[in-house]
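Participant: Protein chains in written order, with this note's numbering: chain G, 28 to 497; chain E, 28 to 497. Just so you know, even glycine gets a beta-carbon here, dropped at the ideal spot from N, CA and C. In this text, all values refer to a predicted model and were calculated from it rather than measured experimentally.
There are 2 protein chains.
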Amino acid sequence: MNPRSIAIVGASPNPVKQGYRYLQQLLEFGFKGKLYPVNRRGGTILGLEVHPSLSAIPGPVDYVISTIPAEEVPQLVKDCAQKGVKLLQLYTAQLAETGIPEQKKLEEQIVELAQRLGVRILGPNCMGVYRPEIGLTFRFSPPREVGDIACISQSAGHAGEMIYRGGLRGLRFSQVISYGNAADINEAEFLEYFASDDKTRIIAAYIEGVRSPHFASVLKAAARLKPVIICKAGRTAAGARGAASHTGSLAGNYAVWKALVKQCGAIHVDSIDELIDTTVAFAKLPVPKGRNVGIIGSGGGGSIIAADEFELNGLHVPPMPQAVLDEVKTFLGNDWRLVKNPLDNSVILPMGWGMDVLKRIFAIMAAHPIFQILVGDAGEWYPETPADAVYSEATTSMLLEIRKSTDKPMALVLRPADHTEEWKWRCFLEQQQRCINEGAAVFPSITRAAKALGNYAGYCLTPSKKQISR
Amino acid sequence: MNPRSIAIVGASPNPVKQGYRYLQQLLEFGFKGKLYPVNRRGGTILGLEVHPSLSAIPGPVDYVISTIPAEEVPQLVKDCAQKGVKLLQLYTAQLAETGIPEQKKLEEQIVELAQRLGVRILGPNCMGVYRPEIGLTFRFSPPREVGDIACISQSAGHAGEMIYRGGLRGLRFSQVISYGNAADINEAEFLEYFASDDKTRIIAAYIEGVRSPHFASVLKAAARLKPVIICKAGRTAAGARGAASHTGSLAGNYAVWKALVKQCGAIHVDSIDELIDTTVAFAKLPVPKGRNVGIIGSGGGGSIIAADEFELNGLHVPPMPQAVLDEVKTFLGNDWRLVKNPLDNSVILPMGWGMDVLKRIFAIMAAHPIFQILVGDAGEWYPETPADAVYSEATTSMLLEIRKSTDKPMALVLRPADHTEEWKWRCFLEQQQRCINEGAAVFPSITRAAKALGNYAGYCLTPSKKQISR
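#1: Check the Cβ of residue 165/G against every Cβ in chain E and list those closer than 8 Å, keeping chain order.
#2: Run the CB neighbour count on residue 181/G, radius 10 Å, all protein chains shown included, and call it buried at 16 or more, exposed below.
#3: Classify residue 263/E as buried or exposed, calling it buried when 16 or more other Cβ atoms lie within 10 Å of its own Cβ.
#4: My assumption, with CB atoms under 8 Å, is that residue 139/E sits in contact with residue 122/E. Please give the rounded CB distance.
#5: Tell me the residue span of the alpha helix (DSSP H) that contains residue 232/G.
#6: In three-state terms, what does DSSP make of residue 429/E?
#7: Quick one, which residues of the region 312 to 339 of chain E are near chain G if we go by CB-CB under 7 Å, in chain order?
#8: Would you say residue 497/G faces chain E, with C-beta separation under 8 Å as the test?
#9: What are the boundary residues of the alpha helix (DSSP H) that residue 462/G is part of?
#10: Using a C-beta to C-beta distance shorter than 8 Å, which residues of chain G count as neighbours of residue 367/E?
#11: May I ask you to report which of helix, strand or coil DSSP gives residue 134/E?
#12: I need the straight-line Cα distance from residue 489/E to residue 389/E, nearest angstrom please.
#13: Compute every distance between the C-beta of residue 316/E and the non-hydrogen atoms of the ligand NAD, then say whether any falls below 7 Å.
#14: Just reading off the beta strand (DSSP E) that residue 272/G is part of, what are its end residues?
#15: Just tell me which of 393/E, 478/E, 416/E has its CA closest to the CA of residue 428/E.
#16: Would you kindly work out how many angstroms separate the C-alpha atoms of residue 398/G and residue 365/E, rounded to a whole number?
#17: For residue 538/G, collect the residues of the same chain with a Cβ closer than 7 Å to its Cβ; drop the 5 residues on either side in sequence, then sort them by chain order.
#18: Quick one: what's got a C-beta closer than 7 Å to residue 250/G's C-beta in the same chain, skipping five residues either side?
#19: Counting only beta-carbon separations shorter than 8 Å, does residue 304/E have a partner in chain G?
#20: Rounded to the nearest angstrom, what separates residue 173/E and residue 159/G at their Cα positions?
#21: Is the Cβ-Cβ distance between residue 321/E and residue 372/E less than 8 Å?
#22: Between the region 220 to 237 of chain G and the region 44 to 61 of chain G, do three or more beta carbon pairs fall short of 8 Å?
#23: Taking only beta-carbon positions, decide if residue 116/E is within less than 8 Å of chain G.
#24: Mark residue 124/E as exposed unless 16 or more other C-beta atoms lie within 10 angstroms of its C-beta, in which case mark it buried.
#25: In angstroms with no decimal places, state the Cα-to-Cα distance between residue 411/E and residue 210/E.
#26: With a 10 Å radius around its C-beta and 16 neighbouring C-beta atoms as the bar for buried, classify residue 119/G as buried or exposed.
#27: Compute the distance between the beta-carbons of residue 149/E and residue 212/E, then report whether it is under 8 Å.
#28: Does the CB of residue 450/G have a neighbour CB from chain E at under 8 Å?
#29: With a cut-off of 8 Å on the beta carbons, I'd call residue 147/G and residue 195/G a contact; round off their distance for me.
#30: Is there a Cβ of chain E sitting closer than 8 Å to that of residue 233/G, yes or no?
#31: Please classify residue 244/G: is it buried, with 16 or more other beta-carbons within 10 angstroms of its beta-carbon, or exposed?
#32: Excluding five sequence neighbours on each side, which residues of the same chain lie with their C-beta closer than 7 Å to the C-beta of residue 454/G?
#33: Specify, as a first and last residue, the run of the beta strand (DSSP E) that residue 437/G falls within.
#34: Name the residue from 485/G, 265/G, 470/G whose alpha carbon lies nearest to the alpha carbon of residue 346/E.
#35: If you run the structure through DSSP and keep just helix, strand and coil, what is residue 71/E?
#36: Out of 79/G, 298/G, 220/G, which one is the CA nearest neighbour of residue 28/G?
Structure representation (structure tokens):
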């Protein structure tokens, strides 16, 4: 996965074809190696000379991306072997995933031939590798920063969601690999690789069907070294049918799967949103010392829903301890009786106490040992008029200051910046960016925050899970 | 709830006070009646003469909004009675919800006095009424258009979410009422009122605790006339504690609650997001004739997750029927074998078939009687470069054309427009707006669409639920 040179076999001068887009993406992202378009017709594409064949390329080629039809791949495998290519990535699809007997057979033949000739196959039916360190990508404009999260996904779409939607949340990757049908290199080999990769601290995975007979033992070994978070599709008969036709995968029984993942010490999630959210928790939060959550809730209704959601996800929302109330009494007088956990921001602000008082109370909560996890929901504080933007800013500042002052894990909840008015979109976006830039764990809703923190705390607080400390 | 004149008692010249904001909101929204600020200090606010007392107002007053402290409310009730005011809305809080014995007693005294003097109380601890027909509002810049959805909410924050977040999804309201502690007018009276209100077709509710001993029979009667969708907070002990301190509500046992709502023929939901989504389904979709869903899925992985999610929510994702495949064969040749339900858009497009072929296949699916519900997920088709925006537009057009050509319910899934780049935000927003403007039911994720459609179809297909036809 660390090529010094890439050939794109099936390179095309047509900008809507993937054989053009790969080249354009790699050029724009700044691949730090040599790029060779290959097409019988020759010419130039994006200023690069097109070579008529692999063998016509003057220098060595480490990695080949194929966008040619499936029927031509066996010859390409032979060409790769002759050229000394180590890895052949097949964007090429319509093989085993079609369920068509002759295509299944063709895929088998390709893999058999490749194994005999010493060429490894990534895919088929996959988009390939995003590795910002060397400027490798299969999508336009992904984050340029290198991170320590590795992601493997049988779906290129979900790999893209991790990169883009995860990227918006501040996730940064060592590598993201879309691996499709997994005909040769499969989930087990990736897990082994990333488990021993010094540049990877967390492994996230989207799996449709397990290929390796050694999966359980490999997962167990990997999970002993670092957190492995897995989303599995094919939870129902209809979904399993879909997995078979997407990547030719056998989904298997879902209840058995969940038990297996848990037994191996890995983390099971149900959706891509939950995979992103849970990875955010692992990537951004220190280890909690317990399950008790102290919350600034968004309004009265929001506070109740917050209490419900955290309790339903295995965490605990204790009543406000007397010691906090006693301290609050010293500056609130009789109004200490309005102070609860969750701390309803709407009870505090309309009384004219303002942000300083809210911050003071939350700081006392943050310092009290009963609370081991903190949550600040800014959700409901959205501005109704452009002039209200100052409240959004003040809220963000308050939450970020508390976050900086504590070594407890603290999650922030900020609603998505999906507004129709430009001023409102900008206002939300600015607050999100401030939080992301400071490295905060930001979630789009209380429900999603509660699920992710439940997964994270459940993992950290299970005995023998000590590898997440930092 | 249909006042010709409103007095705001506690009107303030300070723009951050609610006694100013109410006035500003009503002026900006264009309340179609007389507005009277009341404050002992007199003067003018926002160009309106401030009256020193209710009795000093020259004309009749139908409705009073109170932002004064709780202790002054008993006198205000007397003033209201003297002035012939029918309804007193108490933004005033810090009464029973505080749990403080003397404040609970004060609330009881206020209600008792009001009942004796013939004044009805809305609240306390509530924001009041949004009724676009007459320009009544308690938030800035809500939609001006009148709709046929009524919403009642014990939380003003959640009422605001219905108006704003629901508004972005095309929900339009007859009325939205934030009713807080429900000390006098409670959920049962609202249900009775909206059940017989010709301008209301659907009732949505957020309830923390039931006040009326007749709730079950009133709900049953209302649910016989129109759909009633209810979100209830206080699912856990911590949540129930929150409900008690927010609106002084007794949350009760959640399992009992769910059974009761179902037995009464109403629809139970677990969160405000689900309340909005389910209301969108009821408001925007025709009645399905069955539970079989035909889907254009977003990529291979997205298609599998779609199949899983719909199956897990009580719907059915059948394999593609032979008759559809036979028709597809006539123009796809052997590639008909790649056509499945869900129809994976990424299998279709990279083959160079383009949008027309995808549309042609989906039109055949839409016409086949096996599919009774249609879903088009445009989610993954997001543009990676500004030039790709044409694909987003073409996708939207294709989905909207299919939608127009069928009388089956069809849901669209479009990801939120929450991007950091302005061109991408605009591109997403434009597609969302096109769909909303055509009256489509749009959902931000497959998971949320599946849950809402499961609720809706489950309701429609239960015998004796015929009142939703249109």
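Facilitator: To lay it out plainly:
#1: Counted from its first residue, the first sequence places residue 165/G at position 138. Neighbours of residue 165/G on chain E: none; closest Cβ ~11 Å, over 8 Å.
#2: Translated into the one-based positions of the first sequence, residue 181/G becomes position 154. So residue 181/G ends up on the buried side.
#3: By 1-based counting over the second sequence, the position of residue 263/E is 236. Buried, since its Cβ has 16 or more Cβ neighbours within 10 Å.
#4: In the second sequence, residue 139/E corresponds to position 112, counting from 1. In the second sequence, residue 122/E corresponds to position 95, counting from 1. Contact flag wrong, Cβ pair sits at about 13 Å.
#5: Mapped onto the first sequence, residue 232/G falls at position 205. No alpha helix (DSSP H) contains residue 232/G, which is instead part of the beta strand (DSSP E) from 229 to 234.
#6: Here residue 429/E is taken as the residue at index 402 of the second sequence, counted from 1. Looking at residue 429/E - three-state DSSP - the assignment turns out to be helix.
#7: 325, 326, 327, 328, 329, 330, 331, 332, 334, 335, 338, 339
#8: Along the first sequence, one-based indexing puts residue 497/G at 470. Confidence at residue 497/G is low in this model, with a pLDDT of 43, below 50, so its placement is unreliable and no value can be given for it.
#9: Numbered from its first residue, the first sequence carries residue 462/G at position 435. Segment 449 to 464, the alpha helix (DSSP H) holding residue 462/G.
#10: Numbered from its first residue, the second sequence carries residue 367/E at position 340. Correct list: 268, 269, 272.
#11: Translated into the one-based positions of the second sequence, residue 134/E becomes position 107. Three-state result, residue 134/E: helix.
#12: Along the second sequence, read from residue 1 onward, the residue named residue 489/E stands at position 462. Along the second sequence, read from residue 1 onward, the residue named residue 389/E stands at position 362. Roughly 28 Å separates the two Cα atoms.
#13: You won't find the ligand NAD in this model; it holds no ligand whatsoever.
#14: Locating residue 272/G in the first sequence gives position 245, counting from the first residue. Residue 272/G -> not in any beta strand (DSSP E); alpha helix (DSSP H) instead, spanning 264 to 274.
#15: Within the second sequence, numbered from 1, the residue matching residue 428/E stands at position 401. Checked all of 393/E, 478/E, 416/E; the closest Cα to residue 428/E is 393/E.
#16: The residue labelled residue 398/G in the question sits at position 371 within the first sequence. The residue labelled residue 365/E in the question sits at position 338 within the second sequence. If you take the alpha carbons of residue 398/G and residue 365/E, they lie about 54 Å apart.
#17: Chain G is shown only over 28 to 497; residue 538/G falls outside these bounds and no answer can be derived.
#18: In the first sequence, the residue the question calls residue 250/G occupies position 223. Counting only Cβ-Cβ distances below 7 Å, and skipping sequence neighbours, we find 291, 292, 293.
#19: In the second sequence, residue 304/E corresponds to position 277, counting from 1. Chain G contact via Cβ: absent.
#20: For the purposes of this step, residue 173/E is taken as residue 146 along the second sequence, with counting starting at 1. For the purposes of this step, residue 159/G is taken as residue 132 along the first sequence, with counting starting at 1. Cα-Cα distance, rounded: 51 Å.
#21: Here residue 321/E corresponds to residue number 294 of the second sequence, with the count starting at 1. Here residue 372/E corresponds to residue number 345 of the second sequence, with the count starting at 1. No, the Cβ-Cβ distance between residue 321/E and residue 372/E is not below 8 Å.
#22: no
#23: Counted from its first residue, the second sequence places residue 116/E at position 89. Not one chain G Cβ lies under 8 Å of residue 116/E.
#24: Taking the second sequence and counting its residues from 1, the one referred to as residue 124/E is at position 97. So residue 124/E counts as buried.
#25: Sequence index remark: in the second sequence, residue 411/E carries index 384 (1-based). Sequence index remark: in the second sequence, residue 210/E carries index 183 (1-based). Distance between the alpha carbons of residue 411/E and residue 210/E is about 54 Å.
#26: By one-based count along the first sequence, residue 119/G stands at place 92. Buried, since its Cβ has 16 or more Cβ neighbours within 10 Å.
#27: The sequence position of residue 149/E within the second sequence is 122, counting from 1. The sequence position of residue 212/E within the second sequence is 185, counting from 1. Contact: yes.
#28: For the purposes of this step, residue 450/G is taken as residue 423 along the first sequence, with counting starting at 1. Cβ-Cβ to chain E under 8 Å: no for residue 450/G.
#29: For the purposes of this step, residue 147/G is taken as the residue at position 120 of the first sequence. For the purposes of this step, residue 195/G is taken as the residue at position 168 of the first sequence. Rounded, the Cβ-Cβ distance is 33 Å, inconsistent with contact.
#30: Taking the first residue of the first sequence as 1, we reach residue 233/G at position 206. At least one chain E Cβ lies under 8 Å of residue 233/G.
#31: As a first step, residue 244/G must be located in the first sequence, where it is residue number 217. Exposed.
#32: Locating residue 454/G in the first sequence gives position 427, counting from the first residue. The residues are 410, 416, 419.
#33: Locating residue 437/G in the first sequence gives position 410, where the first residue counts as 1. Here the beta strand (DSSP E) through residue 437/G covers 437 to 440.
#34: Counting from 1 along the second sequence, the entry for residue 346/E is found at position 319. The shortest C-alpha separation from residue 346/E is found at 265/G.
#35: Here the question's residue 71/E lines up with position 44 in the second sequence. Here residue 71/E sits in strand by DSSP.
#36: Locating residue 28/G in the first sequence gives position 1, where the first residue counts as 1. Taking only the C-alpha atoms, the option nearest residue 28/G is 220/G.
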